[in-house]
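Chains as they are written, first to last, in the working numbering: chain A, 30 to 184; chain B, 30 to 184. Note sheet for the following structure.
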DNA sequence: TCTTGACCCTAAAGCAGCTTCAGGGTGTTT
DNA sequence: AAACACCCTGAAGCTGCTTTAGGGTCAAGA
Ligand SMILES: [Zn+2]
Ligand SMILES: [Zn+2]
Ligand SMILES: [Zn+2]
Ligand SMILES: [Zn+2]
């Protein structure tokens with residue numbers, strides 16, 4: 030099948046497929062000698078579905094590569110996989126904890142202004158003007174396995 | 030004061046300060062005619078503290094710019110500010126909800142493999158091979174105020 | 001005085017995971 | 001033959017910085 034058909038089957042764009050190929054997630058497709066178009070078969074479809082499933086679970090390309098590697102080594106132990114998923118669950122939980130703290134702080138901030146008035150007297154602006162109070166809790170310096178790092182976005 | 034002193038006062042790097050200037054968050058500093066070094070005063074310090082406070086609350090540059098604008102218009106209504114904070118709280122809550130769903134799915138996935146065995150028989154890989162089940166809930170197509178968009182990272 | 005080290009400057013690239021754009025072929029239909 | 005859908009590559013854009021490269025400035029010590 031051509032790239033457009035594959036894209037529709039998986040529910041992604043052709044650009045994303047080409048990007049995955051350039052990233053080494055998807056094996057380069059065979060090319061039609063006549064026009065240089067990429068040709069895909071069922072194994073590509075399956076691999077792409079796997080990749081997308083991992084992406085909707087917010088795994089990074091690095092994490093996915095490790096799983097893909099395990100997938101083609103049927104005789105290896107799946108320890109690695111279990112550990113990777115466990116670690117990734119931690120990534121998600123850690124990010125949620127951060128966001129919960131954020132939410133609390135934001136709601137407190139919001140409570141500083143209940144009636145609408147001029148910005149001169151706005152409690153929100155006033156609170157934002159103060160420096161950040163250190164929570165005095167040292168950052169745990171999370172030790173990631175180098176090569177499968179994931180951060181669940183901390184913009 | 031010079032940029033290095035300012036950076037230490039605020040607790041960020043000089044590169045970040047220069048970046049904020051290039052982004053239009055911080056007004057360009059006066060330059061020492063002798064050596065072209067940036068010179069800052071107290072108002073820069075206050076503005077930077079404000080910016081950092083907003084950043085630790087995960088606001089985007091766009092959101093911060095709106096607040097900064099309100100800050101220099103003391104006679105305007107603070108309606109805008111309240112709405113922006115409310116919206117931003119929604120950003121955080123929406124992202125948390127996404128992560129909670131993720132966590133549930135990941136824990137379910139993890140439960141597919143309790144004993145270590147070969148990847149051939151790994152329930153995790155098996156489940157990842159299946160296509161994504163649509164939760165059939167149409168995405169709410171959140172209507173953002175154009176110009177203050179924020180996404181709390183959805184990598 | 002010369003040199004070392006701390007500090008300052010700019011411009012550009014890198015990170016993650018794509019999306020979008022520019023510029024140009026291919027292939028089928030009307 | 002023109003229109004339109006589809007394919008190709010390479011590069012830039014997005015976000016919020018960090019890092020690197022390459023090069024001035026300035027104080028103090030040898
Ligand atoms: Zn992860
Ligand atoms: Zn207010
Ligand atoms: Zn927001
Ligand atoms: Zn297993």
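For glycine and all other residues, C-beta sits at the position ideal for the given N, C-alpha and C. It should be emphasised that the depicted structure is a prediction, and the values quoted were computed from it without experimental measurement.
Query: Residue range of the unbroken alpha helix (DSSP H) whose run includes residue 101/A; Result: Taken as a continuous stretch (DSSP letters only), residue 101/A belongs to no alpha helix (DSSP H), as it is neither H nor E.
Query: Same chain, Cβ closer than 8 Å to residue 32/B, five either side skipped, listed in chain order; Result: 43, 46, 47, 58, 66, 67, 69
Query: Boundaries of the alpha helix (DSSP H) in which residue 139/A is found, first to last residue; Result: 108 to 139
Query: Which of helix, strand or coil DSSP assigns to residue 59/B; Result: strand
Query: Residues of the stretch 112 to 129 of chain A with Cβ closer than 8 Å to any Cβ of chain B, in chain order; Result: 114, 115, 117, 118, 121, 122, 124, 125, 128, 129
Query: Nearest residue (CA-CA) to residue 100/B, options 153/A, 30/A, 39/A; Result: 153/A
Query: Spatial distance of residue 34/A from residue 74/B (CA atoms); Result: 56 Å
Query: Through-space distance from residue 56/A to residue 130/B, alpha-carbon basis; Result: 31 Å
Query: Reduced DSSP secondary structure (H/G/I, E/B, other) of residue 42/A; Result: coil
Query: Distance cut-off 6 Å: residue 153/A Cβ against heavy atoms of ligand 2; Result: yes
Query: Residues bridged to residue 81/B [DSSP beta-bridge criterion]; Result: For residue 81/B, which the question treats as bridged, DSSP gives no partner whatsoever.
Query: Integer Cβ distance of residue 148/B from residue 105/A, believed to fall under 8 Å; Result: 5 Å
Query: Under 8 Å by beta carbon: chain B residues contacting residue 41/A; Result: Result: empty, since nearest Cβ-Cβ is about 11 Å, beyond 8 Å.
Query: Distance CB(residue 135/A)-CB(residue 125/B) smaller than 7 Å; Result: no
Query: Where residue 68/B sits in the DSSP three-state scheme; Result: strand
Query: Nearest-angstrom Cα separation, counted from residue 122/A out to residue 162/A; Result: 24 Å
Query: Interface flag, residue 133/A vs chain B, CB-CB below 7 Å; Result: no
Query: Euclidean distance between Cα positions of residue 146/B and residue 111/A; Result: 10 Å
Query: Coil, strand or helix - residue 148/B by DSSP; Result: helix
Query: Simplified DSSP assignment, three categories, for residue 53/A; Result: coil
Query: Nearest-angstrom Cα separation, counted from residue 94/A out to residue 61/A; Result: 27 Å
Query: Residue 36/A classed as buried or exposed, judged by whether at least 16 other C-beta atoms fall within 10 angstroms; Result: buried
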